[in-house]
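Shown next, in structure tokens, is the structure this report addresses.
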């Protein structure tokens, strides 16, 4: 258990954000109303996703430098959990949009950007499953992963900021500004981001360990 | 593991049981723990979200233990 203290900490922090996120006062804003509390759950999911994709591309680059198959396993499993988090982020965002913007989906640059990102990473897994040879699979998918990460940054972080967007934080539409994130909200929002990143790492770590076990048991390889 | 499940289930049943008994309490000025009915019953929603998340966390810890067992089993085999 000594090694697992951060997992317990992550769970405790998320429980804190659930309770404090519902109970602490929030700014009274038109249209948003109480849905402003979604900030504690929807946004940290995306931060966790970005973090996991960052770990994934880092491990891919490390793989290309070392040819160690463990790095490839970490890269693919973190990307896998990242995909799950992006689906959660898209679904929570859609529900939020339905009750604030009035529609499940619009052709907003941010929304279309994350949809394209989702497809890019889906292609990463399809690419992997189409190559038999292990080292070849790891090498080609590592190179594709670098491309995918850069495209994600362009579609999610850069393009939405260069055009008009409904989504806060884009196109002159502020997020984390002093008007929509006061100090009480920061007390919940920042811990939530850290905790969800830790939860994502935990799930990814479990998947990596299962991947290594699979390699050892089924293919009888040392990783 | 089954024992843990049974204990968790008993706890949940007990909590649900007290909630229904609470609902049958007569109206009036009698002092009761009415907090969960206040403010449009938002506290019930907090409870539900917390239960869902704690359930998932317990599940993750159970997977954690299983993976650890497999890792140790493999180590012994070698």
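Protein chains in written order, with our numbering: chain A, 1 to 223; chain B, 1 to 78.
Note that beta-carbon positions come from the ideal geometry of N, C-alpha and C, so glycine has one too.
State yes or no: is the beta carbon of residue 33 of chain B nearer than 8 Å to at least one beta carbon in chain A?
-> Counting from 1 along the second chain, the entry for residue 33 of chain B is found at position 33. No, residue 33 of chain B does not count as interfacial toward chain A.
Establish whether the CB of residue 32 of chain A and some CB of chain B are separated by less than 8 Å.
-> By 1-based counting over the first chain, the position of residue 32 of chain A is 32. No, residue 32 of chain A does not count as interfacial toward chain B.
With distances taken Cα to Cα, identify the nearest neighbour of residue 124 of chain A among A:207, A:98, A:147.
-> The residue given as residue 124 of chain A occupies position 124 in the first chain. Per the Cα distances, A:147.
Counting only beta-carbon atoms, is residue 22 of chain A nearer than 8 Å to chain B?
-> The residue labelled residue 22 of chain A in the question sits at position 22 within the first chain. Output row for residue 22 of chain A: interface = yes.
So which of A:66, A:204, A:155 has the shortest CA-CA distance to residue 139 of chain A?
-> The count along the first chain starts at 1 and reaches residue 139 of chain A at position 139. When only C-alpha atoms are compared, the closest one is A:66.
Of all the CB atoms in chain A, is at least one closer than 8 Å to the CB of residue 53 of chain B?
-> If you number the second chain from 1, residue 53 of chain B lands on position 53. Yes, its Cβ sits closer than 8 Å to a Cβ of chain A.
Residues in the stretch 48–73 of chain B having any Cβ partner in chain A nearer than 8 Å | 49, 50, 53, 54, 57, 60, 61, 63, 64, 67, 70, 71
Taking contact to mean at least 3 C-beta pairs separated by less than 8 Å, is the stretch 18–26 of chain A in contact with the stretch 45–56 of chain B?
-> yes
Check the C-beta distance from residue 22 of chain A over to residue 46 of chain B and give it rounded, since I have them as a contact under 8 Å.
-> Taking the first residue of the first chain as 1, we reach residue 22 of chain A at position 22. Taking the first residue of the second chain as 1, we reach residue 46 of chain B at position 46. 5 Å between Cβ atoms; contact.
Can you pull the chain B residues whose beta carbon is under 9 Å from the beta carbon of residue 202 of chain A, in chain order?
-> Residue 202 of chain A sits at position 202 when you count from the first residue of the first chain. Neighbours of residue 202 of chain A on chain B, chain order: 60, 64.
Residues that residue 210 of chain A contacts on chain B, provided the C-beta gap is smaller than 7 Å = Looking up residue 210 of chain A in the first chain gives position 210. Here the neighbours are 67.
Could you tell me whether the Cβ atoms of residue 85 of chain A and residue 200 of chain A are closer together than 8 Å?
-> Locating residue 85 of chain A in the first chain gives position 85, where the first residue counts as 1. Locating residue 200 of chain A in the first chain gives position 200, where the first residue counts as 1. Against a cut-off of 8 Å, the Cβ pair of residue 200 of chain A and residue 85 of chain A comes out as a contact.
Give a yes or no on whether the C-beta atoms belonging to residue 53 of chain A and residue 152 of chain A are separated by under 8 Å.
-> Indexing the first chain from 1 puts residue 53 of chain A at position 53. Indexing the first chain from 1 puts residue 152 of chain A at position 152. A contact, by the Cβ cut-off of 8 Å.
So, residue 26 of chain A versus residue 187 of chain A, is the Cβ gap smaller than 8 Å?
-> By 1-based counting over the first chain, the position of residue 26 of chain A is 26. By 1-based counting over the first chain, the position of residue 187 of chain A is 187. No, Cβ-Cβ distance for residue 26 of chain A and residue 187 of chain A is not below 8 Å.
From the DSSP output, in three-state form, read off residue 170 of chain A for me.
-> In the first chain, counting from the first residue as 1, residue 170 of chain A sits at position 170. Correct three-state label for residue 170 of chain A: strand.
For residue 129 of chain A, count neighbouring C-beta atoms within 10 Å of its own C-beta (all shown protein chains included) and say buried if the count is 16 or more, exposed if not.
-> Counting from one through the first chain, the residue named residue 129 of chain A turns up at place 129. Flag for residue 129 of chain A reads exposed.
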